[in-house]
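Q: Protein chains in written order, with our numbering: chain Y, 54 to 282; chain W, 54 to 282.
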């Protein structure tokens with residue numbers, strides 16, 4: 054490894070808050086399959102199972118009164134690609150990914166799935182470098198903020214479910230969804246849906262390319278108003 | 054806990070090859086939700102993530118030349134409910150499960166999903182009792198035979214895939230599947246399918262309630278003959 058690359062990896066170690074005994078593990082974790090045979094795919098496989106387990110373990114002990122269903126829902130939110138990609142962006146991983154020329158050209162370093170996979174691979178690289186405890190602490194560190202601001206009753210629930218639960222908790226009438234219009238050819242439909250909340254006598258309209266999505270968006274708007282009350 | 058129950062759990066500890074500091078953890082791991090609020094569901098959630106991770110870790114280090122796709126396929130086979138239930142039956146868990154009267158009556162102690170869930174919960178109970186290392190060793194022990202006789206190139210692959218790969222490896226013609234007959238009403242169809250293997254000029258027929266299943270069964274029969282050659 055040349056000096057410039059080494060200095061760069063040192064900088065990433067600072068961001069990660071972890072110093073590798075074997076820096077090649079970190080290097081491999083950053084290496085996309087477009088770079089050739091020695092890439093991060095196997096590490097991603099191991100890292101995926103590690104983050105699933107460590108987050109399950111944290112939630113199991115943190116939310117002792119929540120059901121297995123709640124724990125599953127919260128975990129699913131925390132380990133999904135979208136969340137991993139947010140974590141990876143905060144760690145500035147895009148700057149450190151090693152991609153083949155094709156992926157580089159098409160902006161692969163910004164692609165969420167590539168960033169999320171690299172986060173999983175890095176988790177495995179810490180495990181391989183220093184074992185279970187170090188890896189556990191590393192996952193706790195990169196998830197610290199997500200875990201702090203977690204609301205176990207709502208996280209990972211869709212807007213319609215949250216709206217329904219909020220109205221039920223207030224013992225108010227449930228929302229009514231109506232398709233206002235549906236147009237366009239089968240492959241490019243457009244829906245306008247309204248969500249009527251009786252208690253405040255208001256309709257919230259939303260537009261999307263399918264009905265379910267439009268309903269969710271209209272529920273989200275209702276939630277914004279109702280959660281202020 | 055009465056003396057008889059304690060003696061019974063002691064016997065199970067011998068089978069499991071693990072002595073609990075806190076025997077209540079084992080007791081809870083054996084308690085189906087039909088017994089009430091204090092059951093094994095949360096433990097099953099944790100145990101599922103543990104077995105997924107530990108098996109991933111074992112495979113990652115045991116099959117260094119296999120791709121992430123191979124590792125995923127092998128792991129899926131090892132942690133699926135069917136495999137866990139086989140392990141649970143070998144541990145004689147049916148004798149130790151604690152089920153509510155309804156489940157008892159309907160033979161729940163023999164139900165594969167209940168046994169598989171209990172295996173996962175027991176894995177979590179060892180982890181809660183003594184931590185990561187003890188749990189790792191426990192999983193290695195209950196999976197020892199499955200891991201020993203594992204063929205990484207075939208495990209978890211369906212019969213059609215294995216038959217195709219076997220014929221390709223021998224540079225022979227691929228099998229030909231033909232529907233011999235399809236009868237019965239839509240909700241209760243019956244299929245007879247034949248699998249023709251040109252090299253040995255033989256047809257293998259199988260019957261099932263859908264075509265895909267019948268094809269798999271015919272391929273399995275062809276494999277039995279061809280693997281002897």
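Ideal Cβ placement from N, Cα and C applies to all residues, glycine included. Bear in mind the structure is a predicted one, so any value in this text is a computation, not a measurement.
(1) Per DSSP, which one or two residues make a beta bridge with residue 259 of chain Y?
(2) Thinking C-beta only, is residue 185 of chain Y closer than 8 Å to residue 185 of chain W?
(3) Using DSSP bridges, identify the partner residues of residue 156 of chain Y.
(4) Work out the CA separation of residue 92 of chain W and residue 87 of chain Y for me, nearest whole Å.
(5) On the CB-based measure, 16 or more other CB atoms within 10 Å of its CB, does residue 81 of chain W come out buried or exposed?
(6) Just curious, the alpha helix (DSSP H) that residue 206 of chain Y is in, first and last residue?
(7) Spell out whether any CB of chain W is found under 8 Å from the CB atom of residue 94 of chain Y.
(8) So, do the stretch 214 to 224 of chain Y and the stretch 167 to 179 of chain Y have three or more beta carbon pairs nearer to each other than 8 Å?
(9) Is the Cβ-Cβ distance between residue 208 of chain W and residue 106 of chain W less than 8 Å?
(10) Spatial neighbours of residue 155 of chain W within its chain, please: CB distance less than 7 Å, with the 5 preceding and 5 following residues excluded, ordered by chain position.
(11) How is residue 212 of chain Y classed by DSSP in three states: helix, strand or coil?
(12) State the Cα-Cα distance for the pair residue 231 of chain Y and residue 139 of chain Y, rounded to the nearest angstrom.
(13) Given a limit of 7 Å on CB to CB distance, which residues of the stretch 84 to 110 of chain Y reach chain W?
(14) Pick helix, strand or coil for residue 280 of chain W, following the three-state DSSP scheme.
(15) If you run the structure through DSSP and keep just helix, strand and coil, what is residue 120 of chain Y?
(16) Please compile the residues from chain Y whose C-beta is within a distance smaller than 7 Å of the C-beta of residue 185 of chain W.
(17) From W:256, W:217, W:146, W:120, pick the residue whose C-alpha is nearest to that of residue 163 of chain W; which is it?
(18) For the alpha helix (DSSP H) that residue 136 of chain Y lies in, which residues bound it at each end?
(19) Using a Cβ distance threshold of 8 Å, determine whether the stretch 56 to 70 of chain W contacts the stretch 271 to 280 of chain Y, with at least three qualifying pairs required.
(20) Who does residue 149 of chain W pair with in a DSSP beta bridge?
(21) Under 8 Å, do residue 182 of chain Y and residue 74 of chain Y count as touching if we go by C-beta distance?
(22) Excluding sequence positions up to five away, which residues of its chain have a Cβ less than 6 Å from the Cβ of residue 274 of chain W?
(23) Would DSSP call residue 229 of chain W helix, strand or coil?
(24) I'd like to know if the stretch 172 to 180 of chain W and the stretch 94 to 106 of chain W are in contact, where contact means that at least 3 CB-CB pairs between them fall below 8 Å.
(25) Determine the chain W residues that contact residue 130 of chain Y at a beta-carbon separation under 9 Å, and present them in chain order.
(26) Measure the CB-CB distance between residue 180 of chain W and residue 61 of chain W and report whether it falls below 8 Å.
A: In terms of the structure at hand:
(1) For residue 259 of chain Y, which the question treats as bridged, DSSP gives the partners Y:246.
(2) yes
(3) According to DSSP, residue 156 of chain Y bridges with nothing at all.
(4) 47 Å
(5) buried
(6) First-last for residue 206 of chain Y: undefined, no H or E at that position.
(7) Under the Cβ distance rule, residue 94 of chain Y counts among the residues neighbouring chain W, one pair being separated by less than 8 Å.
(8) no
(9) Taking 8 Å as the Cβ cut-off, residue 208 of chain W and residue 106 of chain W do not qualify as a contacting pair.
(10) 87
(11) helix
(12) 34 Å
(13) Against chain W - using a Cβ distance shorter than 7 Å - the residues of the stretch 84 to 110 of chain Y are 94, 95, 97, 98, 99, 102, 103, 105, 106, 109, 110.
(14) Residue 280 of chain W: coil per DSSP, three-state reduction.
(15) coil
(16) 185
(17) W:146
(18) 134 to 143
(19) no
(20) Residue pairing of residue 149 of chain W in beta bridges, as defined by DSSP: absent, with no partner found.
(21) yes
(22) 257
(23) strand
(24) yes
(25) Close to residue 130 of chain Y, with beta-carbon spacing below 9 Å, lies no residue of chain W; the smallest spacing is near 15 Å.
(26) The answer is no: Cβ separation not under 8 Å.
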